[in-house]
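A.B. asks:
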Amino acid sequence: MYKSWIYITEPIGNNEFSYSERIALWSVGKIFVPNLIRGSLSDLEWGSEISFEEVMNGKIISCTWLKNFVHMTYKGVPTYIFDNHNHALFFRYRHTKQLMAPLRKGDERGFISEDMKPFAVIHIDQHADTKENKNSFNAKYASHQEVLNFTNCACNVGNFITSAKDAGIIDEVIQIRTDYALHNMQDLDFQKYNYILDIDVDFWVKKEVTSQDIEIIQKLIKNSCLITIATSPYFIDQKEAIEIIKKILQ
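First residue of the sequence shown? That's 1 in UniProt numbering, and the numbers climb one at a time after it.
(1) For the alpha helix (DSSP H) that contains Gln-145, what are its first and last residues?
(2) Based on the DSSP secondary-structure assignment, which residues constitute the bridge partners of Ser-62?
(3) Our contact map puts Asp-129 next to Asn-159 with C-beta atoms below 8 Å; I'd like the distance itself, whole angstroms only.
(4) In chain order, what residues of the same chain lie with their CB nearer than 7 Å to the CB of Lys-105, ignoring the 5 residues before and after it?
(5) In three-state DSSP terms, what is Trp-204?
(6) Under DSSP, the beta strand (DSSP E) around Gln-175 begins and ends at which residues?
(7) So for Leu-103, helix, strand or coil by DSSP?
(8) Mark Met-56 as exposed unless 16 or more other C-beta atoms lie within 10 angstroms of its C-beta, in which case mark it buried.
(9) Examine the Cβ distances between the segment 143-161 and the segment 35-51 and report whether three or more of them are shorter than 8 Å.
(10) From the DSSP output, in three-state form, read off Tyr-80 for me.
(11) Excluding sequence positions up to five away, which residues of its chain have a Cβ less than 6 Å from the Cβ of Trp-204?
(12) Going along the chain, which residues of its own chain have a beta-carbon closer than 8 Å to the beta-carbon of Ser-40, five neighbours each way excluded?
(13) With DSSP as the reference, identify every bridge partner of Thr-228, one or two as the case may be.
(14) Nearest-angstrom Cα distance between Lys-131 and Phe-137?
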């Protein structure tokens, strides 16, 4: 489970974006996925490896970000901070898996109990991340390694929400893509759902994090079972991303 860093060198996952064009422009054609450490906000360090790459107006845009992904506990809630948003798929799977009953002793595969509350993701992001994905898997029968491989090699930042829902990891998605939607959220039914708070900091690109934003985020955190936060290096300056995370997790 992200125990060691890897390079993705094939045109798969996030490395599939504009792969041929990047190679033609002399890109090495690989992206970096760091390991996961147990830490705190002080462990958010800027790395030197390319984690996302695209072509814009005939030029390569190479984005570097996290030296490590960070797993921490914030106000009693398991929290994962990472760069590209698709990694949220695995961390959600891992969290829900902890509530699964094993099929047989010694087997890590499992299934979700029928009397368990369904999982709903509160998705605060500029983008829906719900494009179609030709690849799929069933979380009921997949192992941790299979889901990890899928997360890194068979989905991307644009379709991981679709993949998680199709796989049965999550049941509902609440899309929050504007300030108006965030500030006018309807009351959530915490008796019906286990809520996963999912934040992409590009939600605040070119705008300030307001005190009202922080108040709402803190209220959602209080009632969430899991927090996933993406820094999205292609969409927002990463120094700004760190500052935003520290503001909302004050």
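No residue lacks a Cβ here, since even glycine has one placed at the ideal position from N, Cα and C.
C.D. replies: Per the coordinate set shown:
(1) In the sequence shown, the residue the question calls residue 145 occupies position 145. From DSSP, the alpha helix (DSSP H) with Gln-145 extends over 144-153.
(2) Start at 1 with the first residue of the sequence shown, and residue 62 comes out as number 62. The partner list for Ser-62 (beta bridge, DSSP) reads Glu-53.
(3) Within the sequence shown, the letter at position 129 stands for residue 129. Within the sequence shown, the letter at position 159 stands for residue 159. The pair is a contact, with the Cβ atoms about 7 Å apart (cut-off 8 Å).
(4) As a working note, residue 105 is residue 105 in the sequence shown. For Lys-105, the predicted structure reports a pLDDT of 43, less than 50, and the residue's modelled location is therefore unreliable. A value from the coordinates is still provided. So no residue of the chain qualifies.
(5) Counted from its first residue, the sequence shown places residue 204 at position 204. Reduced to three states, the DSSP call for Trp-204 is helix.
(6) Numbered from 1 along the sequence shown, position 175 holds the residue referred to as residue 175. It spans 172-176 - the beta strand (DSSP E) in which Gln-175 sits, taken as one unbroken run.
(7) The residue given as residue 103 occupies position 103 in the sequence shown. Only weak support exists for where Leu-103 lies, its pLDDT of 38 falling under 50; the value from the coordinates is given anyway. Leu-103 falls in the coil class under three-state DSSP.
(8) Locating residue 56 in the sequence shown gives position 56, where the first residue counts as 1. Met-56 comes out exposed.
(9) no
(10) Taking the sequence shown and counting its residues from 1, the one referred to as residue 80 is at position 80. Reduced to three states, the DSSP call for Tyr-80 is strand.
(11) If you number the sequence shown from 1, residue 204 lands on position 204. Result list for Trp-204: Ile-244, in chain order.
(12) Walking along the sequence shown from the start, residue 40 turns up at place 40. So the qualifying residues of the chain are Val-70 and Met-72.
(13) Taking the first residue of the sequence shown as position 1, residue 228 is located at position 228. Beta-bridge pairing links Thr-228 to Tyr-80 and Asp-198.
(14) Within the sequence shown, residue 131 is the residue found at index 131, counting from 1. Within the sequence shown, residue 137 is the residue found at index 137, counting from 1. Each residue's Cα considered, the two are about 16 Å apart.
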